[in-house]
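Some notes on the structure that comes next.
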Amino acid sequence: MVAAGTDVDTLFDISLDPGAYQRWASPLMVAAGSGDGASIETVRLLLDLGADPGLVVAKDTAVSFASMGLGWNYRPGGDAARLGLLLKHGAALPPDPEWANRCLCDAARAGDEDRVGLLLGVGLSADGLPDPETREHHPGDWQVTATAKPSTPAPAEPDMLVGPREEEWRPLAFEEVVPEVAEVAASSAGPMIVCGYFWPFARPLMCAAMSGNARLVRLLLERGADPLRRDSEGRTAMYDATTAEVVGVLREAGVPLEDVDMYGRTPLISALVDPEEDDARALALLAGGADPNGSYDRGYTTFMSAVSSGWGVSMLRCLVDAGADPCAVSELGWNAFHGAADRSTGLRHATTVREVFRYLLDLGVDINQRNTQGCTPRDLASMWGNEPQLTVLSELGATS
Numbered sequence: 119m120v121a122a123g124t125d126v127d128t129l130f131d132i133s134l135d136p137g138a139y140q141r142w143a144s145p146l147m148v149a150a151g152s153g154d155g156a157s158i159e160t161v162r163l164l165l166d167l168g169a170d171p172g173l174v175v176a177k178d179t180a181v182s183f184a185s186m187g188l189g190w191n192y193r194p195g196g197d198a199a200r201l202g203l204l205l206k207h208g209a210a211l212p213p214d215p216e217w218a219n220r221c222l223c224d225a226a227r228a229g230d231e232d233r234v235g236l237l238l239g240v241g242l243s244a245d246g247l248p249d250p251e252t253r254e255h256h257p258g259d260w261q262v263t264a265t266a267k268p269s270t271p272a273p274a275e276p277d278m279l280v281g282p283r284e285e286e287w288r289p290l291a292f293e294e295v296v297p298e299v300a301e302v303a304a305s306s307a308g309p310m311i312v313c314g315y316f317w318p319f320a321r322p323l324m325c326a327a328m329s330g331n332a333r334l335v336r337l338l339l340e341r342g343a344d345p346l347r348r349d350s351e352g353r354t355a356m357y358d359a360t361t362a363e364v365v366g367v368l369r370e371a372g373v374p375l376e377d378v379d380m381y382g383r384t385p386l387i388s389a390l391v392d393p394e395e396d397d398a399r400a401l402a403l404l405a406g407g408a409d410p411n412g413s414y415d416r417g418y419t420t421f422m423s424a425v426s427s428g429w430g431v432s433m434l435r436c437l438v439d440a441g442a443d444p445c446a447v448s449e450l451g452w453n454a455f456h457g458a459a460d461r462s463t464g465l466r467h468a469t470t471v472r473e474v475f476r477y478l479l480d481l482g483v484d485i486n487q488r489n490t491q492g493c494t495p496r497d498l499a500s501m502w503g504n505e506p507q508l509t510v511l512s513e514l515g516a517t518s
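Residues 119 to 518 (our numbering) are what the sequence shown spells out, left to right.
So this is what it looks like as structure tokens:
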């Protein structure tokens, strides 16, 4: 096709759905990030045919595709071999600092030490900041990044790319929640990327902690990642750890295992908020020595949180085996049965409710405990219309 006159850098839309947000890419970019058969040899062939490794389309480059793949709706793709070849041929880093940081974050989230090492080697910082020493050797890559300034009014949503900007650009809510981040940003010599929940703003160390790769976490720490940096909800990388090994490495670096975020939750309590998530975080923290009796919100314990969130007997047993007190009572007089019967309970299936309630009884939890307002668990279940809880509590002899 190239011999017949087709431009090797022809752009085409790689969005899969008609009418969806368009995303344009060159054949080299697609080969760099494909998970459907392309390899380093495909990339080498396109380079030999004259494909431009420095092409920038919107905020994408071949490097971003090799680092992140083609997107969530494609098979995972890209690898260190393709990324290394592209960098060797002078491929450009994304000019947008957020997007450049996302390259590192996605590679870290995949647990890919080799890709992370390559990106650190061309100037991306382990903390999500351009590394000034390495940047000197790649001035073209960082020219836009180093001079980027806002040219439009502040967006409605908080701008997570915090740097030495005009006061109106600083999201006050963010500063109030995590003031130490704002202080660091104010003294920063260049753009500073901090973490929210969206991937473009994530920090590499947190993503590496999610991957469970302790060697990668150690690599980022050795390359200067701040172990104590917090995200927009006041959480360190400890909240993302998915293996006991990562928990251990973070503890060695001084990251507290018993910590609180903006909601007052410890890493373990945070890991138990959603039972639809994998249990890896909770199990890793327990294996790493987390206190199973931590509490928040006036004595609402880790065990109560697990029950009210909807975890089954298996997780509850893990907590008890680790030393959790299932019979604890909060300052407001609530016990685990109250948490299971409240309006916000995650226990929705009758079978799970029955299994959990029988387990609580076996542990000695008081099924008729009255809180400071005089309500028993059965009262709460009736008040909030939680039929499975009300039925099972009645079967087990609970009173009002």
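All C-beta atoms in this analysis are idealised placements derived from N, C-alpha and C, irrespective of residue type, glycine included.
Could you round the C-beta distance between W142 and L134 to whole angstroms and report it? I think they count as a contact, below 8 angstroms.
Numbered from its first residue, the sequence shown carries residue 142 at position 24. Numbered from its first residue, the sequence shown carries residue 134 at position 16. Contact between W142 and L134 does not hold, since the beta-carbon distance rounds to 14 angstroms and is not under 8 angstroms.
Among residues of its own chain, excluding the 5 on either side of A516, which ones have a beta-carbon nearer than 7 angstroms to its beta-carbon?
Looking up residue 516 in the sequence shown gives position 398. Taking C-beta separations shorter than 7 angstroms and ignoring five residues to either side along the sequence, the partners of A516 in its chain run I485, N486, T494, P495, R496, following chain order.
Report yes if the CB atom of D358 is closer than 8 angstroms to the CB atom of M380, and no otherwise.
Within the sequence shown, numbered from 1, the residue matching residue 358 stands at position 240. Within the sequence shown, numbered from 1, the residue matching residue 380 stands at position 262. Cβ distance not < 8 angstroms, so D358 and M380 don't count as in contact.
Report yes or no: do three or more beta-carbon pairs, one from the segment 422 to 433 and one from the segment 446 to 465, lie closer than 8 angstroms?
The segment 446 to 465 and the segment 422 to 433 touch, with three or more beta-carbon pairs separated by less than 8 angstroms.
Inspect the beta-carbon positions of W429 and P385 and report whether they are closer than 8 angstroms.
Position 311 of the sequence shown, counted from the start, is the residue given in the question as residue 429. Position 267 of the sequence shown, counted from the start, is the residue given in the question as residue 385. Contact flag unset, no.
Hey, how far is the Cα of S500 from the Cα of R220?
Here residue 500 is taken as the residue at index 382 of the sequence shown, counted from 1. Here residue 220 is taken as the residue at index 102 of the sequence shown, counted from 1. Going by the C-alpha atoms only, they are around 48 angstroms apart.
Among residues of its own chain, excluding the 5 on either side of V373, which ones have a beta-carbon nearer than 7 angstroms to its beta-carbon?
Taking the sequence shown and counting its residues from 1, one reaches residue 373 at position 255. Excluding positions up to five away in sequence, the list reads P345, L346, T354, A355, M356.
Apply the 10 Å Cβ neighbour rule to T124 and answer buried if 16 or more other Cβ atoms are within range, or exposed otherwise.
Here residue 124 is taken as the residue at index 6 of the sequence shown, counted from 1. A residue is called buried when at least 16 other Cβ atoms come within 10 angstroms of its Cβ; T124 does not meet this threshold and is exposed.
Suppose the cutoff is 7 angstroms on Cβ atoms and the five residues either side in sequence are ignored; what does the same chain contact list for G196 look like?
Position 78 of the sequence shown, counting from 1, holds the residue named residue 196. Apart from sequence neighbours up to five positions away, the residues of its chain that approach G196 with a beta-carbon distance below 7 angstroms are A150, G151, F183, A184, S185, M186, G187, ordered along the chain.
For P145, count neighbouring C-beta atoms within 10 Å of its own C-beta (all shown protein chains included) and say buried if the count is 16 or more, exposed if not.
For this step, residue 145 is matched to residue 27 along the sequence shown. Classification of P145: buried, given that the 10 Å Cβ count is 16 or more.
Could you tell me the distance, in whole angstroms, from the CA atom of G406 to the CA atom of M433?
Taking the first residue of the sequence shown as 1, we reach residue 406 at position 288. Taking the first residue of the sequence shown as 1, we reach residue 433 at position 315. Taking the straight line joining both Cα atoms gives about 16 angstroms.
Once the 5 residues before and after T470 are set aside, which same chain residues still bring their CB inside 8 angstroms of it?
Numbered from 1 along the sequence shown, position 352 holds the residue referred to as residue 470. Here T470 has G428, G430 as same chain residues with Cβ atoms under 8 angstroms from its own Cβ, once five neighbours each way along the sequence are excluded.
Out of V161, D170, D131, point me to the one whose CA is closest to G189's CA.
Taking the first residue of the sequence shown as position 1, residue 189 is located at position 71. It is D131.
For V126, does the three-state DSSP call read helix, strand or coil?
Working through the sequence shown from its first residue, we reach residue 126 at position 8. DSSP places V126 in the coil class of the three-state scheme, outside both helix and strand.
DSSP beta-bridge partners of W142
The residue given as residue 142 occupies position 24 in the sequence shown. In DSSP, W142 forms a bridge with D131.
Taking buried to mean at least 16 other C-beta atoms within 10 Å of its own C-beta, is A176 buried or exposed?
For the purposes of this step, residue 176 is identified with residue 58 of the sequence shown, where counting begins at 1. Looking at its Cβ environment, which holds fewer than 16 other Cβ atoms inside 10 Å, A176 is exposed.
To the nearest angstrom, how far is it from the Cα of T419 to the Cα of V378?
Counting from 1 along the sequence shown, the entry for residue 419 is found at position 301. Counting from 1 along the sequence shown, the entry for residue 378 is found at position 260. When only Cα atoms are considered, T419 and V378 end up about 13 angstroms apart.
For L479, does the three-state DSSP call read helix, strand or coil?
Looking up residue 479 in the sequence shown gives position 361. If DSSP states are grouped into helix, strand and coil, L479 belongs with the helices.
If you follow the alpha helix (DSSP H) that I387 is in, where does it begin and where does it stop?
For the purposes of this step, residue 387 is taken as residue 269 along the sequence shown, with counting starting at 1. Taken as a continuous stretch (DSSP letters only), the alpha helix (DSSP H) holding I387 covers 385 to 389.
Proximity to T361 [Cα-Cα], best of G342, L165, A327, N489
Counted from its first residue, the sequence shown places residue 361 at position 243. The residue with the shortest Cα to Cα distance from T361 is A327.
Buried or exposed: G503, going by 16 or more other Cβ atoms within 10 Å of its Cβ?
Within the sequence shown, the letter at position 385 stands for residue 503. By the beta-carbon neighbour count (other beta carbons within 10 angstroms, threshold 16), G503 is exposed.
Identified DSSP bridge partners for L450
As a working mapping, residue 450 is identified with position 332 in the sequence shown. Beta bridge pairing from DSSP links L450 with no other residue.
Cutoff 7 angstroms; reference R416; Cβ partners in own chain excluding five residues on either side
Residue numbering aside, residue 416 sits at position 298 when the sequence shown is read from its first letter. In chain order, S448, E449, L450 place their CB closer than 7 angstroms to the CB of R416, counting only its own chain and leaving out the 5 sequence neighbours on each side.
How big is the Cα-Cα spacing for L478 and G241?
By one-based count along the sequence shown, residue 478 stands at place 360. By one-based count along the sequence shown, residue 241 stands at place 123. Each residue's alpha carbon lies about 54 angstroms from the other.
Reference D232, options G208, A210, L201, closest by Cα
Here residue 232 refers to the residue found at position 114 of the sequence shown. Comparing Cα-Cα distances from D232 to each of G208, A210, L201, the minimum goes to L201.
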